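Numbering (my numbering) for the sequence shown: 115 to 357. Cβ coordinates follow ideal geometry from the N, Cα and C atoms, glycine included. Just so you know, these numbers come straight off a predicted model, no measurement behind them. Data block below; observations after.
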Amino acid sequence: MVTGTGKRYRARLAGTGAEIAAAQRLRHLAFHGTEGLDADGFDATCQHMLVEDTRSAELVCCFRFLPLDNGRDIGRSYSAQYYELSALEGFQGRIVELGRFCVHPERHDPDILRVAWGAMTRFVDDTGVELLFGCASFAGTDAARYHDAFAMLRDRHLGPSRWLPRVKAPRVFPFAKRLRRKPDMKTAMQRMPPLLRTYLMMGGWVSDHAVVDTAMNTLHVFTGVEIGAIPAARKKLLRAAAG
């Protein structure tokens, strides 16, 4: 099933086990820098989006997503392993968790991301999703490297108290409580992960702490994007990419 196309790239849902395995190989290369399979139990319950180069059929980007009827099902999500999400159980609309988003490390064409987000936008519009959420990762587990970025998140992008996740993981960096510095905005944006920058441009919000994930060698924050709160200009660009 083709869900979105560009001049050079197309997005489609994986339809076979071999296609999911290809996504798992790309994820391992992107996250660990080596050959292998990045796989877990959530792969069986998620849908997998593939972005391919139409000239070579090479897989250049992938992500998986888990549609849920409403917040009562959020305990089934990947994020629920790391964050106490009971506040979001009261969210009444359809929700979807997006995860394992990656681009081939040798590919830097911005059209890849445009096609990927266009495909996700089409799914959100077609199914009436009201909240997009997931974990946005910083490379490595040295929080000091990202103090300016975390201070910016504290000042500008913390989630609303009615939805804010609480601590669940054994190791966290509680940046909203611990940091007292004023962020250097240039450094903050340079250190902000590209996926998280995209969420923030859509009006996204984050948890008040980062999880220290030694298995993936990352720090990650819970991120939510309420579809109704996305700025009109950004919606227009996303829907143009969706075709």
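Just tell me which of the options has its CA closest to the CA of residue i.
| i | options | result |
| --- | --- | --- |
| serine 275 | Met234, His261, Ile209 and Gly338 | Gly338 |
| arginine 280 | Ile134, Ala194 and His146 | Ala194 |
| aspartate 256 | Val286, Glu166 and Leu352 | Val286 |
| alanine 233 | Arg126, Gly248, Asp187 and Ser321 | Arg126 |
| alanine 346 | Ala329, Met315, Val320 and Trp319 | Met315 |
| alanine 354 | Pro297, Gly147, Thr235 and Leu202 | Thr235 |
| alanine 356 | Ala258, Ile226 and Lys296 | Ile226 |
| aspartate 183 | Gln161, Gln206, Leu199 and Cys175 | Gln206 |
| glycine 313 | Gly189, Met163 and Trp231 | Inspection of the sequence shows that residue 313 is occupied by tyrosine rather than by glycine. The shortest Cα separation from tyrosine 313 among Gly189, Met163 and Trp231 belongs to Trp231. |
| threonine 241 | Arg228, Arg208, Arg259 and Glu149 | Arg208 |
| arginine 122 | Thr328, Phe264 and Arg221 | Arg221 |
| aspartate 327 | Met303, Met299, Pro308 and Gly254 | Gly254 |
| aspartate 239 | Leu199, Ala263, Glu340 and Gly155 | Glu340 |
| alanine 263 | Lys350, Pro297 and Glu166 | Pro297 |
| aspartate 154 | Val165, Met163, Ile134 and Leu164 | Ile134 |
| proline 307 | Arg295, Leu352 and Met266 | Met266 |
| valine 165 | Asp223, Asp187 and Asp322 | Asp223 |
Can you tell me which of the three DSSP states residue i falls into?
| i | result |
| --- | --- |
| phenylalanine 205 | coil |
| tyrosine 197 | strand |
| tryptophan 231 | helix |
| alanine 158 | helix |
| proline 181 | strand |
| arginine 169 | coil |
| aspartate 327 | strand |
| threonine 337 | strand |
| arginine 126 | strand |
| methionine 299 | helix |
| methionine 316 | coil |
| glycine 213 | strand |
| threonine 241 | helix |
| glycine 189 | helix |
| glycine 342 | helix |
| alanine 263 | helix |
| valine 248 | Checking the sequence shown, residue 248 turns out to be glycine, not valine. Strand. |
Excluding the 5 residues preceding and the 5 following residue i in the sequence, name in chain order all residues of the same chain whose CB lies nearer than 7 angstroms to its CB.
| i | result |
| --- | --- |
| arginine 268 | Phe289, Ala290 and Leu293 |
| phenylalanine 145 | Asp152, Cys216 and Met330 |
| glycine 131 | none |
| leucine 310 | Ala250 and Thr337 |
Going by the CB atoms, is the gap between residue j and residue i shorter than 8 angstroms?
| i | j | result |
| --- | --- | --- |
| glycine 342 | glutamate 244 | yes |
| arginine 178 | aspartate 157 | yes |
| histidine 271 | valine 320 | yes |
| threonine 332 | phenylalanine 247 | no |
| glycine 185 | glycine 204 | yes |
Residues in the same chain with beta-carbon distance under 6 angstroms from residue i, minus the five sequence neighbours each way, listed in chain order, please.
| i | result |
| --- | --- |
| valine 325 | Tyr196, Ala283, Val286 and His334 |
| leucine 181 | Note on identity: in this sequence residue 181 is proline, with leucine being the wrong assignment. Closer than 6 angstroms at the Cβ level, and outside the excluded window around proline 181, lie Val210. |
| glycine 213 | Arg178, Tyr192 and Gly248 |
Excluding sequence positions up to five away, which residues of its chain have a Cβ less than 8 angstroms from the Cβ of residue i?
| i | result |
| --- | --- |
| alanine 201 | Arg276, Trp277, Leu278, Pro279 and Arg280 |
| arginine 295 | His261, Asp262 and Ala265 |
Measuring CB atoms only, is the stretch 209-225 touching the stretch 138-152, in the sense that at least three cross pairs come out at less than 8 angstroms? yes
Using a Cβ distance threshold of 8 angstroms, determine whether the stretch 160-173 contacts the stretch 194-204, with at least three qualifying pairs required. no
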